[in-house]
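Chemist:
In my numbering, the protein residues as written are 183 to 607.
(1) Per DSSP, what are the beta-bridge partners of residue 339 in this structure?
(2) Could you check the C-alpha separation between residue 562 and residue 498 for me, to the nearest Å?
(3) Out of 342, 274 and 317, point me to the one whose CA is closest to residue 348's CA.
(4) Could you spell out where the beta strand (DSSP E) holding residue 620 opens and where it closes?
(5) Using CA atoms only, rank isn't needed, just tell me which of 451, 518 and 480 is closest to residue 589.
(6) Span of the beta strand (DSSP E) holding residue 569?
(7) Hey, which unbroken runs of the alpha helix (DSSP H) at 4 residues or more fall wholly within the region 410-476?
(8) From residue 501 to residue 474, what distance separates their C-alpha atoms?
(9) Quick one: grab the DSSP three-state call for residue 512.
(10) Excluding five sequence neighbours on each side, which residues of the same chain lie with their C-beta closer than 7 Å to the C-beta of residue 343?
(11) So residue 438 packs on residue 422, CB below 8 Å; how close in whole Å?
(12) Keeping to the same chain, check which residues put their C-beta closer than 6 Å to that of residue 481; ignore five residues upstream and five downstream.
(13) I'd like to confirm the pairing. Which residues does DSSP put opposite residue 390 in its beta bridges?
(14) Below 7 Å between beta carbons: does that hold for residue 380 and residue 454?
(15) Enumerate in chain order the residues of its own chain whose CB-to-CB distance from residue 279 is below 8 Å, with the five nearest sequence positions on each side excluded.
(16) Could you say which of 574, 566 and 596 lies nearest to residue 304 if we only look at CA atoms?
(17) Have a look at residue 384 and residue 284 and give me their C-alpha separation to the nearest angstrom.
(18) Would you kindly report the start and end of the unbroken alpha helix (DSSP H) that includes residue 583?
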């Protein structure tokens, strides 16, 4: 880690040229890590494409139509995450199309679930709003989220299946989202989040609401997302964070997707986009968005700030000056680490940034202190880098104390990292 003449630490470039693109793939392999016996199940994925394909799962014996599991965390601050919790089923055979794949290994993920887990692992009080099926995948996901201490009182178990996304792998390891397994895109449980069942009190009292954009592809969940944003915005307390997480496979029509997502992101207080999403949404070339994030900020007049991520090329940010001056902007390179897997690095980054933001008093407090704003992005960068050292997006996520130890290995700044990122308050 290097130093600027101002005495600030500078995050160095990564040793890995791979780019995460904030992939929603995530998590440990779903093996027998519970008291129940291991089962090898036949997938009900599309009969024509996946006849005979296997999924290795752990069997659960108890299910209910609704899941009421509350966190024991006692914290005046909280983050609500709304969206999809799914399984990315990675092809065990590389270099073949899904029709030729004979077995798949499911990994828990979905960008909202990844962010919720990242926040909870760092110590934030997290509520998750979403639906899970009354099936083995739903049981696995519920167990995982519960093990992280996430409050699932707003999660409903439904008769629709838990979403499974099919991911092809090239011979060199690149991934392609190739479709869905056991149901059509619009038949999964996460398509049917009920706007009438949103926990209004929790939303109004939270510090931040985090959503993506994938649920907008499905009318009922889309209405729930919009209603949640309205409730949060009307509270005067809960800021709205939108992480675009553009995935064409979830949409039937890209033009419809664009027209649907644009007005939604314009209601955000905070917006996170990748270089590619800046190009797709706003017509801003990715390089320009990274170098000059004010261009992105200008596209969302209501937003207090934007984050632009670019995988191995780092990130940048632009926040409005509450005093009416020029926007606060900066560029933060990535950390130098030995990268094993970039899956979920963007979700780890966002979880770290939001955790730091909440601990420092929220967005309004953060923009009053440009130095703390910068440190929030640096802390997020450290969390994202930490995730890349292990496989998947969820299993290698850090605890708050891990970051000081992690940074201490290459820390050249006279202020120890634990004090530089002082989150003891």
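Where a beta carbon is used, it is the ideal one built from N, C-alpha and C, also for glycine.
Modeler: In brief:
(1) Partner(s): 314.
(2) Rounded to the nearest angstrom, the two C-alpha atoms are 12 Å apart.
(3) With distances taken between Cα atoms, residue 348 lies closest to 274.
(4) In the structure displayed, the chain extends from 183 to 607; residue 620 sits before or after that span and is not available.
(5) The closest CA to that of residue 589, considering only 451, 518 and 480, is found on 518.
(6) Looking at the DSSP string, residue 569 is not in any beta strand (DSSP E); the run it does join, the alpha helix (DSSP H), is 552-569.
(7) Counting only runs of 4 or more, we get 436-447, 457-464 and 468-473.
(8) Per the coordinates, the alpha-carbon of residue 501 lies some 12 Å from the alpha-carbon of residue 474.
(9) Reduced to three states, the DSSP call for residue 512 is strand.
(10) Answer for residue 343: 315, 317, 364, 365, 370 and 371, listed in chain order.
(11) No, residue 438 and residue 422 are not in contact; Cβ-Cβ is about 23 Å, not under 8 Å.
(12) Around residue 481: 464.
(13) Answer by DSSP bridge pairing, in chain order: 261 and 421.
(14) In this structure, residue 454 does not lie closer than 7 Å to residue 380 by Cβ.
(15) Answer for residue 279: 350 and 360, listed in chain order.
(16) Ranking 574, 566 and 596 by Cα distance to residue 304 puts 566 first.
(17) Residue 384 and residue 284: Cα-Cα distance of roughly 44 Å.
(18) Per DSSP, residue 583 is one residue of the alpha helix (DSSP H) stretching across 582-590.
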